[in-house]
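Take a look at the structure set out below.
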Amino acid sequence: MPDRLDGLTGSCVQIPCSFDIPGQNKYTFNSTILTSGMWIKESPYFGVRPDSVIFNSSKMVNRYQGKITGNMSQKNCTTVLFNVTTSYTNKYFFRIESQPFRATDTGKSVDIVVRDLPSSPIITVSGEVKEGTPVSLNCSAVVPCPEHPPELTWTLPTQFTPKNQLQENPDQTKSVFSTVTFTPLYLHHEKNITCTAVYPVGASNKTAEHNMMLNVSFSPKDTSASISPADSVLVGSCVNLSCSSTANPPVTTFTWFKISGGNLTQVASGLSYSLNVTVVDGGLYFCEARNSHGCGKSKENSPVGTVCTNQATAGEEPEAPAEDQPEEIHYGDIDFSKLRPKETPAAAQDRVQGQESEYAEVNVTRRGAQEPPLNNLDRLYAQNSPAGTVCSNQATVGRGNQ
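Here it is in structure tokens:
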């Protein structure tokens, strides 16, 4: 018989039992003689405590209601105790009586533990739970009373078809098993699964469950790259590229690549990549994340990760932002005739150098609400030369030179 049995109040407990007679015993067991069985509580020595015999198959009335379901003539003493309570929790010894043979196995007993609530079922996983690979989940629950086995149900984040069966364990106790097979996705990672055991007890049920979080292994997912600052990047400025990804186990290697002129180049390794931008750094950047299950990369065509080299012309100062001030509108009369105005320093220089230039005079008139009309016109000349158009401001438009 087993070393221990768990029982549930109000239900029954089946005690698997068998016996054998040592050959050196002076009395041999005669299977043709009516044999009775006795269960003794706490101590095998019932002579001084007759009330410790809680069940005797030869009597009609016993302290505990029970029945020997095994065939004693075949040395099977399996017994069922009915309507057990927590007071049944104790150690029990078995005794056989078959005249003239009588014996108690004092060296072997079974511990019966009766609780008000059932024990939780046990979930086991057959192998690694890996994305895209079918895996089986097994749930088992003890069956103290085979006449009323529990029903097992699953709660999973995907569809499944369970297979349930009642099995006998090596110690002859009974357990109910339920198996589900499914193909996990990376979205199932860290999702809860539940196996619930429902035990029928009389007209009601008693429930126990086991919760477990799925640990799904998968290659890097949702890999993305970001750039800081996110605005256009000037030559000489510093930018930082960062990579993020979700993976289990975690990402072990981050690698950065650049696409420029149709060529792919590996430029760095690591979670982030910082660089002082030069004219050769322009291009599209993306990162690749890798773990033991594969790799994932950020989108190549994403605008995030693009380094533009907006280079200022040599010798030019970046235009200063305009001060916060009320908007002032200026109106100008533009005459693009080829009549030459009075000679300007620029025109004189062109004449000396023999260059042929055409000029257009821009007459600018200020019309401010608070300013008197001007007697003289400010002049802005546009010189049209073979090298291109060069603007020359002879007088400031607006509030003065900046």
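Position 386 of the sequence shown, counted from 1, bears residue number 378 in the numbering used here, the numbering being contiguous throughout.
Every residue gets a Cβ at the ideal spot worked out from N, C-alpha and C, and that includes glycine.
This one's a predicted model, so the numbers in the text were calculated from it and none came from an experiment.
Query: The region 97 to 106 / the region 115 to 132 touching (three or more Cβ pairs under 8 Å); Result: no
Query: Secondary structure of HIS181, DSSP reduced to three states; Result: coil
Query: SER44 vs SER35 beta-carbon contact at 9 Å; Result: yes
Query: Cβ-Cβ distance between LEU144 and PHE169 below 9 Å; Result: yes
Query: HIS140 to LYS155 span [Cα, whole Å]; Result: 18 Å
Query: Segment limits, beta strand (DSSP E) that includes ARG87; Result: 82 to 90
Query: Three-state class that DSSP yields for PRO42 in the structure shown; Result: helix
Query: Continuous beta strand (DSSP E) stretch holding LEU158: start and end; Result: 155 to 160
Query: ASN63, buried or exposed, once every other Cβ within 10 Å from all chains shown has been counted against 16; Result: exposed
Query: Buried versus exposed, by CB contacts within 10 Å (16 or more), CYS230; Result: exposed
Query: Euclidean distance between Cα positions of SER209 and SER261; Result: 24 Å
Query: Residue ranges of each beta strand (DSSP E) within the region 224 to 289, 3 or longer; Result: 230 to 240, 245 to 252, 255 to 261, 264 to 268, 275 to 283 and 286 to 289
Query: VAL269 beta carbon near the ligand NAD (any heavy atom closer than 8 Å); Result: This structure lacks the ligand NAD; in fact it carries no ligand of any kind.
Query: Option in TYR265, GLU280, LYS250 and GLY286 with minimal Cα separation from GLY274; Result: LYS250
Query: Given THR199 as reference, the closest of SER112, LYS291 and ASP12 once Cα atoms are compared; Result: SER112
Query: For PHE152 and ILE88, believed in contact at Cβ under 8 Å, the rounded distance; Result: With 8 Å as the limit, ILE88 and PHE152 do not qualify as a contact, their Cβ atoms being about 48 Å apart.
Query: Per DSSP, cross-strand counterpart(s) of LEU109; Result: Its beta-bridge partners do not exist; DSSP assigns none.
Query: Three-state secondary structure assigned by DSSP to THR1; Result: coil
Query: Contacting residues, own chain, Cβ-Cβ under 6 Å from SER220 (five flanking each side not counted); Result: ASN232
Query: Rounded straight-line distance, which links the Cα of GLY29 to that of PRO14; Result: 18 Å
Query: Complete runs of the alpha helix (DSSP H) confined to the region 120 to 153 [at least 4 residues]; Result: none
Query: Which listed residue (LEU267, MET204, GLU160 and PRO212) has its alpha carbon closest to that of GLY228; Result: LEU267
Query: Identified DSSP bridge partners for VAL72; Result: GLN6 and LYS59
Query: Which listed residue (SER101, GLY39, PRO8 and PHE74) has its alpha carbon closest to that of GLY194; Result: PHE74
Query: MET(-7), DSSP secondary structure in three states; Result: coil
Query: Nearest residue (CA-CA) to SER128, options TYR37, VAL172, SER284 and SER234; Result: VAL172
Query: The beta strand (DSSP E) enclosing PRO212, as first and last residue numbers; Result: 210 to 220
Query: SER211 vs SER167 beta-carbon contact at 9 Å; Result: no
Query: Cβ-Cβ separation, ASP214 to SER234 (assumed contact under 8 Å), whole Å; Result: The Cβ separation is near 14 Å, so there is no contact.
Query: Delimiting residues of the beta strand (DSSP E) encompassing ILE13; Result: Segment: none, ILE13 is in no beta strand (DSSP E) and carries neither H nor E.
Query: Limits of the beta strand (DSSP E) - the one that ASN203 falls within; Result: 196 to 205
Query: Helix, strand or coil at SER101 according to DSSP, with G and I counted as helix; Result: coil
Query: Helix, strand or coil at THR188 [DSSP, three-state]; Result: strand
Query: MET30 - DSSP class collapsed to helix/strand/coil; Result: strand
Query: Extent of the continuous beta strand (DSSP E) to which VAL117 belongs; Result: 114 to 118
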